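J.: Every letter in the sequence shown is one number past the one before it in our numbering, and letter 241, counting from 1, is 337. Cβ atoms here follow ideal geometry from the backbone N, Cα and C, with glycine treated the same way. Just so you know, these numbers come straight off a predicted model, no measurement behind them. Take a look at the following structure, please.
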Amino acid sequence: MPFLRGPARGSSVVDGLPYETLTRLVEAAREVSLCTRVLAKTGDTVLSEVLRDVVPPLDPWHHHPPGDVYDSEYHAQYYFHAHPESELVGEEMGHFHTFMRPLGMPDGVAPAPLPDLQPDSDGNAALSHLVGISIDGMGRVTRLFTTNRWVTGETWYAAADVVRMLEGFQIDHARPSWPLNRWITAVVNLYRYEIIELLQERDATVGRWQAERPGSYVYEDRDLEVTSERLVDVDGRIQELERALRRRNRQQSPMADPA
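Given below as structure tokens:
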């Protein structure tokens, strides 16, 4: 799963955000920090939490935990897995894949009308991939990415519809790990605007690929795996958000009475 274009370009999405949006991102950042801190107190990480019942070595491709994590109230889902060592990127140990199922999607969302679209057998099977979250051996997020349809076997939804799903992603139960579930929910919230950009880039990549290869069916083309990506630094983002909030609070504070 190699890099397509490397790190993000341009200025931070934090620049110019409305105050209410900024405070929501800061809340997500503090939640990520909280989960990381409480795990570290016992020598744990999100990686050790998701692999707590795994006997080394880690087998590539296997879903962890077995059967995935699914919240039956919000209909959000995720799993962790690793690729063979030759396919890992940088310091990556593996990655989480995050999803929404139809019962948790907003009204009006529907699969893209592709020629091979299959009926949803039970009304909740046509799941959508949101974003992949790569982590290193210390459980630190290193990269966010999107994938082609065949990678996860998802049902394809246009980027605009997937963007509408993001706010509903929530894992609000204790198994397999309450701090892990809170952490992954917060990471998706923390990087909401980067994920929006990645989803838009995903659709652009797919469109270009199909136009340049009219004889292929892009969604099942094994030559296209990663459709967009960003390198990320969570600690740096948290510090950036806290500084931005302090600046904004100072700007909004009433001027002292000169009298």
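Relative to the alpha-carbon of L262, which residue among I292, D167, E297 has its alpha-carbon at the smallest distance?
T.: I292
J.: Spatial neighbours of A352 within its chain, please: CB distance less than 6 Å, with the 5 preceding and 5 following residues excluded, ordered by chain position.
T.: Legend: pLDDT at A352 = 42, less than 50; position of this residue unreliable, value from coordinates given subsequently. Answer for A352: no residue qualifies.
J.: In the structure shown, what three-state DSSP assignment does P161 receive?
T.: Assigned with DSSP and collapsed to three states, P161 falls in strand.
J.: Name the two residues that bound the continuous alpha helix (DSSP H) containing D218.
T.: It is not in any alpha helix (DSSP H) - D218 carries neither H nor E in the DSSP assignment.
J.: On the three-pair Cβ rule with 8 Å, is the stretch 241-254 touching the stretch 199-215?
T.: yes
J.: Which residues bound the beta strand (DSSP E) around I229?
T.: 224-232
J.: Mind the definition here: the stretch 210-225 touches the stretch 123-136 only if three or more C-beta pairs lie below 8 Å; say whether that holds.
T.: no
J.: Does the beta-carbon distance from L118 to R344 come in below 8 Å?
T.: yes
J.: What three-state label does DSSP hand A307 in the structure shown?
T.: helix
J.: Just how far apart, CA to CA, sit E297 and T132?
T.: Answer to the nearest angstrom: the Cα atoms are 30 Å apart.
J.: Who are the Cβ neighbours of N285 in its own chain at under 6 Å, not counting the five residues just before and after it?
T.: A124
J.: Taking buried to mean at least 16 other C-beta atoms within 10 Å of its own C-beta, is P354 buried or exposed?
T.: Bear in mind that the predicted position of P354 carries a pLDDT of just 47, short of 50, making it unreliable; the figure below should be weighed with that in mind. Counting Cβ neighbours within 10 Å, P354 comes out exposed, since fewer than 16 surround it.
J.: When the cut-off is 8 Å and only beta carbons count, does N277 lie next to chain C?
T.: The displayed structure is made up of one protein chain only, and chain C is not part of it.
J.: Tell me which residue opens and which closes the alpha helix (DSSP H) that V122 is part of.
T.: 115-136
J.: Tell me the residue span of the beta strand (DSSP E) that contains Q173.
T.: 172-177
J.: Which two residues bound the contiguous beta strand (DSSP E) that contains M261?
T.: Looking at the DSSP string, M261 is not in any beta strand (DSSP E); the run it does join, the alpha helix (DSSP H), is 255-261.
J.: Nearest-angstrom Cα distance between G332 and E188?
T.: Counting only the Cα atoms, E188 lies some 18 Å from G332.
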